[in-house]
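Below is one structure, written out as structure tokens; the observations come after it.
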Amino acid sequence: SQKIEQNSEALNIQEGKTATLTCNYTNYSPAYLQWYRQDPGRGPVFLLLIRENEKEKRKERLKVTFDTTLKQSLFHITASQPADSATYLCALDGNYGQNFVFGPGTRLSVLP
Amino acid sequence: DAGVTQSPTHLIKTRGQQVTLRCSPKSGHDTVSWYQQALGQGPQFIFQYYEEEERQRGNFPDRFSGHQFPNYSSELNVNALLLGDSALYLCASSWTGGRTGELFFGEGSRLTVL
Numbered sequence: 199s200q201k202i203e204q205n206s207e208a209l210n211i212q213e214g215k216t217a218t219l220t221c222n223y224t225n226y227s228p229a230y231l232q233w234y235r236q237d238p239g240r241g242p243v244f245l246l247l248i249r250e251n252e253k254e255k256r257k258e259r260l261k262v263t264f265d266t267t268l269k270q271s272l273f274h275i276t277a278s279q280p281a282d283s284a285t286y287l288c289a290l291d292g293n294y295g296q297n298f299v300f301g302p303g304t305r306l307s308v309l310p
Numbered sequence: 588d589a590g591v592t593q594s595p596t597h598l599i600k601t602r603g604q605q606v607t608l609r610c611s612p613k614s615g616h617d618t619v620s621w622y623q624q625a626l627g628q629g630p631q632f633i634f635q636y637y638e639e640e641e642r643q644r645g646n647f648p649d650r651f652s653g654h655q656f657p658n659y660s661s662e663l664n665v666n667a668l669l670l671g672d673s674a675l676y677l678c679a680s681s682w683t684g685g686r687t688g689e690l691f692f693g694e695g696s697r698l699t700v701l
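If you read the protein sequences in the order shown, they are chains A and B.
Residue numbering for the first sequence is 199 to 310, as defined by the numbering used here.
Residue numbering for the second sequence is 588 to 701, as defined by the numbering used here.
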């Protein structure tokens with residue numbers, strides 16, 4: 199069956215360091231993958247999308263990689279700040295390209 | 588430009604009751620998807636509506652039903668509520684013609700079933 203895993207439930211890092219979050223999937227062949235940020239009690243907010251034919255995508259301090267051979271995406275936040283503390287969700291497209299399947303999320307805490 | 592709005596924000600029901608949740612999509616969007624998010628988990632896809640029809644459905648029982656109106660707004664109905672239906676219900680809108688499929692989420696409706 200299809201499955202999405204995110205590396206850990208929670209990740210703590212020191213301010214200024216680079217946070218690396220992992221999204222692994224099985225039994226999927228997604229055309230693209232998205233990353234969302236979710237703050238407690240709020241809806242997810244779109245951050246980045248990467249297509250299957252793209253290896254890397256950047257947006258300000260964010261970088262996403264996508265390895266379809268390993269079936270893995272890495273999400274990096276450089277020069278992390280306490281304001282980056284949130285839960286980060288990866289999502290893979292299902293049928294028709296608009297039904298997204300979400301991973302369980304990783305809760306990131308950036309310590310001052 | 589208003590984003591996705593959902594109502595009510597919080598509600599409490601008892602087992603066996605029925606609930607209706609409402610969603611207005613972002614201006615210009617024609618597709619509405621509903622997700623259920625249990626505490627500490629990722630959102631789980633319930634169903635998607637486009638052109639007033641259910642286009643796709645996740646692994647949820649028939650107790651979960653929905654509707655989309657001509658103005659693209661949508662409702663989620665849940666009958667015969669169970670304790671396990673307690674969750675944050677998220678509405679997400681998107682535009683079929685969009686290249687990225689980016690989902691715009693509302694703030695959710697927190698349902699507690701006692």
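Where is the CB? At the ideal position from N, CA and C, for every residue including glycine.
Just so it is clear, the structure is predicted and the values come from calculations on it, not from any experiment.
Taking the C-beta atoms as reference points, residue 677 of chain B is found no nearer than 9 Å to residue 605 of chain B.
Residue burial annotation: residue 597 of chain B is exposed, with fewer than 16 other C-beta atoms found within 10 angstroms of its C-beta. Residues of the region 231 to 242 of chain A that bring their beta carbon within less than 9 Å of a beta carbon in chain B comprise 232, 234, 236, 239, 240, 241 and 242, in sequence order. Three or more Cβ pairs drawn from the region 660 to 675 of chain B and the region 605 to 619 of chain B lie within less than 8 Å of each other, which places the two stretches in contact. For a cut-off of 8 Å, the C-beta gap from residue 307 of chain A to residue 283 of chain A is around 5 Å, short enough to register as a contact. If the five residues before and after residue 309 of chain A are omitted, its C-beta is found closer than 8 Å to the C-beta atoms of 210, 211, 212, 213 and 280, all from its own chain and listed in chain order. About 5 Å separates the CB atoms of residue 613 of chain B and residue 680 of chain B; that is less than 8 Å, so the two are in contact. Shown here for residue 638 of chain B: not one same chain residue has a beta carbon closer than 6 Å to its own, the five before and five after excluded.
The three-state secondary structure of residue 653 of chain B, taken from DSSP, is strand.
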